[in-house]
Amino acid sequence: MSPPRIPVNSAQVVHSISLGTHLSMEEGIHLRVRFRFGVFELDPRAGELRKHGLRVRLQEQPFQVLAMLLEHPGEVLTREELQKKLWPADTFVDFDHGLNKAINKIREALSDSADSPRFVETVARRGYRFLAEVKVADSAPVRSQDLATGPHPVAEARDRLDLAGKPAMLKHLLSSFAWKAPALVLLLLVASLAGWKLHSWKRPSLVIRSLAVLPLESLSSDASQDYFADGMTDELISDLGQISALRVISRTSVMAYKRARKPLPQIARELNVDAVVEGTVLRSGDQVRITAQLIEASTDKHLWSQSYQGELRDTLALQNQVARAIADQIRINLNPQEQAALKNVKVVNPQAYESFLKGRYFWNKRTADGLKVALAYFNQAIDEDPKYAQAYSGLADTYSLLGDWQYAVMTPKEALPKAKAAATKALELDSALGEAHNSLAFCLDGFDWDFDSAGKEFRRGIELNPGYATAHHWYAWHLSLWGQYDDAIAEMRKAESLDPLSLIINADLAELLVLAHSYEESIRQSRKTIEMDPNFALAHNQLAQAYLQKHMNDEAVAELQEAAQLSGESPTVMANLGRAYAASGKRSEAIKLLSALKKRSNSIYSHGSEIAVIYAALGDTDQAMNWLEKGFEERFNPGVLLRPGFDPLRSDPRFQDLLRRIGLPR
Numbered sequence: 006m007s008p009p010r011i012p013v014n015s016a017q018v019v020h021s022i023s024l025g026t027h028l029s030m031e032e033g034i035h036l037r038v039r040f041r042f043g044v045f046e047l048d049p050r051a052g053e054l055r056k057h058g059l060r061v062r063l064q065e066q067p068f069q070v071l072a073m074l075l076e077h078p079g080e081v082l083t084r085e086e087l088q089k090k091l092w093p094a095d096t097f098v099d100f101d102h103g104l105n106k107a108i109n110k111i112r113e114a115l116s117d118s119a120d121s122p123r124f125v126e127t128v129a130r131r132g133y134r135f136l137a138e139v140k141v142a143d144s145a146p147v148r149s150q151d152l153a154t155g156p157h158p159v160a161e162a163r164d165r166l167d168l169a170g171k172p173a174m175l176k177h178l179l180s181s182f183a184w185k186a187p188a189l190v191l192l193l194l195v196a197s198l199a200g201w202k203l204h205s206w207k208r209p210s211l212v213i214r215s216l217a218v219l220p221l222e223s224l225s226s227d228a229s230q231d232y233f234a235d236g237m238t239d240e241l242i243s244d245l246g247q248i249s250a251l252r253v254i255s256r257t258s259v260m261a262y263k264r265a266r267k268p269l270p271q272i273a274r275e276l277n278v279d280a281v282v283e284g285t286v287l288r289s290g291d292q293v294r295i296t297a298q299l300i301e302a303s304t305d306k307h308l309w310s311q312s313y314q315g316e317l318r319d320t321l322a323l324q325n326q327v328a329r330a331i332a333d334q335i336r337i338n339l340n341p342q343e344q345a346a347l348k349n350v351k352v353v354n355p356q357a358y359e360s361f362l363k364g365r366y367f368w369n370k371r372t373a374d375g376l377k378v379a380l381a382y383f384n385q386a387i388d389e390d391p392k393y394a395q396a397y398s399g400l401a402d403t404y405s406l407l408g409d410w411q412y413a414v415m416t417p418k419e420a421l422p423k424a425k426a427a428a429t430k431a432l433e434l435d436s437a438l439g440e441a442h443n444s445l446a447f448c449l450d451g452f453d454w455d456f457d458s459a460g461k462e463f464r465r466g467i468e469l470n471p472g473y474a475t476a477h478h479w480y481a482w483h484l485s486l487w488g489q490y491d492d493a494i495a496e497m498r499k500a501e502s503l504d505p506l507s508l509i510i511n512a513d514l515a516e517l518l519v520l521a522h523s524y525e526e527s528i529r530q531s532r533k534t535i536e537m538d539p540n541f542a543l544a545h546n547q548l549a550q551a552y553l554q555k556h557m558n559d560e561a562v563a564e565l566q567e568a569a570q571l572s573g574e575s576p577t578v579m580a581n582l583g584r585a586y587a588a589s590g591k592r593s594e595a596i597k598l599l600s601a602l603k604k605r606s607n608s609i610y611s612h613g614s615e616i617a618v619i620y621a622a623l624g625d626t627d628q629a630m631n632w633l634e635k636g637f638e639e640r641f642n643p644g645v646l647l648r649p650g651f652d653p654l655r656s657d658p659r660f661q662d663l664l665r666r667i668g669l670p671r
């Protein structure tokens, strides 16, 4: 039996009711209005503040405070009244801090000033007053499907307007409401008798196949607690990233919007997504509250919102509930593996989890000092919970970067075996942890040179977590080792679609295009990356590689000189600059750089492959091969041998033998 059709036209009234409850007269009838003041309009039911018709981002608590102020224009609302209405006694948040922060957020959204207020005035020792003229706007027509979805949870509390003492406003609203009331009352009675439940009415299907989880906002006044909100964002991205039919933007790209004031439709366009998730995290003692809302990008319409509260030890369960609720809302079909993953709530020691979040926070800084701090926190998490698989995975990723030439904190021989051991332990504890499969594959590829096993681990990791951009990024390089450039570029583009603002992914795509001899496309890609960040040295370096292949030597030298300055004379950049000098006929400059690199050789790195590049460009094949042998002994990343700088050596039997010993195709 189909639910009844609701004959509603340009109504200003809706029945405020939560999903999953019967319609009844006991719920009461609530007036739907919109408030206009200046260039702004606030719609309590939709939970939206707009300026010139464009949505202005405002979190739940500030929105409710503003709605309450708009109900009482020109009147002083005391702090006690606000507390009683919006901060009930069972709320664990610090009221004074919460209200002050809400008022600051309102002023920021309205471009208002506490010193010279146009909208919100502080009344010393009493409360706040809304100064501007407020008009009640006519509402847009309410469709039957709008009633089916119920009110937006963030705005539900504001739908019950307190109109006492405002006879003019009340008269205006009731005059337009009176003639519609009998029909609506009849509808409510019929629905109540029939016993229909609102949640059985289906909303129009939403075509959401991509979304971005914007950085959750910490409501703590302590900036040192940012790691907690960032960690919640990471976990939610990771949970949703396990859904193969959904493209979820990775952390690097969404963190660019932390504290950004851009309209959500603009953010969605820049990230090329159908919807966004935004919300807040509040931690107070051992209590945590997460509020999240799902917003359709094209219409800027709130689709869903919910708050979850529990103890710190329940944080992972709360995050899991959020992810499952979002998956339900966007009606994604989950395969059995994905269903099991979203239902799998891991139990973690709260102290270990906090140490893990701090470790990830410092790991994401991608600095030598940050990695050292991350290492300490991951080890601390393992000490606090020896069965915490994610902590071992984090440890593996940290060792992998500590052994990279860019940071030069540890030698590859020292760091990579530790990374492999940590990744292996993580998989012993949780074989379904996609990130750990990726960590292990990185070690097998870059250090063990066990390429078959690495490929299997990469593919398994991607199967378990298809939304993990780093897995596609590293797997692309694995494929390139075998000359599978079309497949490698496809994987790198997949990584780019998941993390469109990642500089390293964009730059590495340009390098793969050089290896595939697509020089013009590589130049366009590098220029795009430079537009994203003109100070990103690697993008200038990659642009120079394409220029060199097109014999645009002067342009290559200019780009590499810029890259050298930006990178602090990175050995890789200096080696490529030496190659460019040699190609330009500037042998003396190339030899000077060669001498400088030799002097920089140390106990951690001899920079063997970098020095070999310059010797190859100068035509000294013997010295080039000697330095490549040193790099081989240090277990260099075999991907360096793909670089065009070694093209003059490829026909040399010694180079062919080097490829054979590594296990690469010749």
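For the sequence shown, this note's numbering begins at 6 and goes up steadily by one.
Every residue, glycine too, gets a C-beta built ideally from N, C-alpha and C.
Keep in mind that this is a model prediction, so the values were computed, not measured.
Inter-residue spacing [alpha-carbon to alpha-carbon] between residue i and residue j
i           : j           : result
residue 66  : residue 107 : 6 Å
residue 141 : residue 49  : 12 Å
residue 329 : residue 281 : 15 Å
residue 313 : residue 474 : 28 Å
residue 64  : residue 297 : 10 Å
residue 1   : residue 428 : It is not possible to answer for residue 1, since the shown part of the chain is limited to 6 through 671.
residue 400 : residue 620 : 37 Å
residue 89  : residue 317 : 26 Å
residue 218 : residue 415 : 35 Å
residue 493 : residue 521 : 10 Å
residue 407 : residue 374 : 10 Å
residue 71  : residue 363 : 35 Å
residue 271 : residue 512 : 24 Å
residue 224 : residue 593 : 59 Å
residue 402 : residue 244 : 19 Å
residue 356 : residue 324 : 17 Å
residue 248 : residue 498 : 19 Å
residue 461 : residue 451 : 15 Å
residue 532 : residue 564 : 11 Å
residue 213 : residue 479 : 28 Å
Distance CB(residue i)-CB(residue j) smaller than 7 Å
i           : j           : result
residue 530 : residue 514 : yes
residue 139 : residue 91  : no
residue 308 : residue 331 : no
residue 454 : residue 111 : no
residue 38  : residue 114 : no
residue 459 : residue 446 : yes
residue 337 : residue 413 : no
residue 448 : residue 425 : yes
residue 284 : residue 347 : no
residue 553 : residue 587 : no
Burial state of residue i (16 or more Cβ within 10 Å)
i           : result
residue 431 : buried
residue 167 : Interpretation of residue 167 is limited by its pLDDT of 39, a score under 50 that renders its predicted location unreliable; no figure is taken from the coordinates.
residue 471 : buried
residue 395 : buried
residue 487 : exposed
residue 319 : buried
residue 119 : exposed
residue 304 : exposed
Three-state secondary structure (DSSP) of residue i
i           : result
residue 451 : helix
residue 140 : strand
residue 116 : coil
residue 651 : helix
residue 324 : helix
residue 465 : helix
residue 83  : strand
residue 198 : Here residue 198 scores only 37 on pLDDT, less than 50, and its place in the model should not be relied on; the value that follows carries that caveat. Three-state result, residue 198: helix.
residue 510 : helix
residue 133 : strand
residue 606 : coil
residue 265 : coil
residue 300 : strand
residue 368 : helix
Within-7 Å CB hit, residue i to chain B
i           : result
residue 302 : Of the protein chains in this structure there is only one, and it is not chain B.
Problem set entry | Touching by the beta-carbon criterion (3+ pairs, under 8 Å), the stretch 287-299 and the stretch 79-88 | no
Exercise. Any chance the stretch 346-353 sits against the stretch 257-274, with 3 or more Cβ pairs inside 8 Å?
Worked result: no
For this session: Report yes or no: do the stretch 594-613 and the stretch 529-549 share at least 3 C-beta pairs separated by less than 8 Å?
Result: The stretch 594-613 and the stretch 529-549 do not touch, with fewer than 3 CB-CB distances between them shorter than 8 Å.
For this session: Decide yes or no for the touch test of the stretch 494-510 against the stretch 242-256: beta carbon pairs closer than 8 Å, at least 3 of them.
Result: yes
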